[in-house]
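Numbering (the UniProt record's numbering), first residue to last: 1 to 153.
No residue lacks a Cβ here, since even glycine has one placed at the ideal position from N, Cα and C.
Here the structure is laid out as C-alpha cells; the discussion comes afterwards.
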Amino acid sequence: MEWLDQLRILLDILIAAVLGGVIGFEREKKDKPIGFRTNMLIASAAALLVALGKFVAFQMENSLDSASLGVDPTRIIHAIIVGVSFIGAGSILKSEKEESIKYLTTAATILFSAGLGIAAGLQLYPLAVGITVLGLTINYVVDKIMDLSSDSN
C-alpha cells in the first residue's frame, strides 16, 4: 500500500472520528455512560477496519490462488457489527426492582456510530454526514418532543 493510500485511509478515519464525536457529544451532554470519546473511537475503528478489509481483499484478489481463499469483504462489516453490539450490550442496564431497561438508546447509538464509521471507511462521505445528522435528529429532537408531550400531561 502506497503512503498516499495510507493518508487517504487516515482521512477516512479522521472524518469518522469527527462525525462519531458529534454523536458522542450529544450523548455526553445528556450524561449517558457512553459518550464523546467512545463514539469517536467506535466510528474510527469501524472506518479503519473497513479500510483494512478493502486492502486485504485487494491483496487477495491479486494473489495466485484468490478463488480458493474465499475472500468476502462484507465479513469485516459483519465482524464490526458483532463486536460493537457486544459493547452496546454491556452498556444496557436492567433494573429488576423497577422492571425497566436503561441505556438502550445509548447501545443503539453505538451501533449507529459504527455505521457512520463504516460509511466513512467506504469513502461514502455524504452518507456518513447524513447519518450523523439523522442520529442527532433522532437523539435530540425526538427527546425534546417526548419532553413536551410529558409536560402537557
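Neighbourhood of Arg75 by C-beta, 8 Å cutoff - its chain only, sequence neighbours within 5 removed: Take Arg75, set aside five residues on each side of it, and the residues of its chain with a beta-carbon closer than 8 Å to its own are Gly53, in chain order.
When Gly117, Met1, Ser95 are compared against Ile81, the one with the closest alpha-carbon: It is Gly117.
Rounded straight-line distance, which links the Cα of Pro126 to that of Ile92: So the two alpha carbons sit approximately 31 Å from each other.
Inter-stretch contact (C-beta, 8 Å, three-pair minimum) for the stretch 97-106 and the stretch 23-35: Counting C-beta pairs closer than 8 Å gives three or more between the stretch 97-106 and the stretch 23-35, which meets the contact rule.
Where Lys144 sits in the DSSP three-state scheme: Lys144 sits in a helix when the DSSP states are folded into three classes.
Other residues of its chain near Thr132: CB distance less than 7 Å, five sequence neighbours each side excluded: Residues of the same chain with a CB within less than 7 Å of the CB of Thr132, apart from the 5 flanking positions on each side, are Leu19, Val22, Ile23, Leu116 in chain order.
Per-residue DSSP class, three states only, for Ile13: Three-state result, Ile13: helix.
Outcome for residue 167 when other beta-carbon atoms lying within 10 angstroms are tallied against a minimum of 16: The displayed coordinates of the chain run from 1 to 153. Any statement about residue 167 would go beyond what the structure contains.
Straight-line gap, Leu10 to Gly83 (C-alpha atoms, nearest Å): Roughly 22 Å between the two C-alpha positions.
Supposed contact pair Ser113 and Asn39 - C-beta distance, whole angstroms, cut 8 Å: In this structure, Asn39 and Ser113 form a Cβ contact; the two beta carbons are roughly 4 Å apart against a cut-off of 8 Å.
Element boundaries [beta strand (DSSP E), containing Ile101]: Element bounds for Ile101: 100-102.
Rounded C-alpha distance that separates Lys94 from Asp12: Here the alpha carbons of Asp12 and Lys94 stand approximately 36 Å from one another.
Span separating the alpha-carbon of Leu4 from that of Ala128: For Leu4 and Ala128, the distance between alpha carbons rounds to 22 Å.
Local Cβ density within 10 Å of Glu99, reported as buried at 16 or more and exposed below that: By the neighbour-count rule (16 or more Cβ atoms within 10 Å), Glu99 is not buried but exposed.
Contact with chain D by Tyr103, beta-carbon distance below 8 Å: Considering every chain present, this structure includes no chain D. It has just one protein chain.
Distance between Ile87 and Met146 (C-alpha atoms, nearest Å): Roughly 27 Å between the two C-alpha positions.
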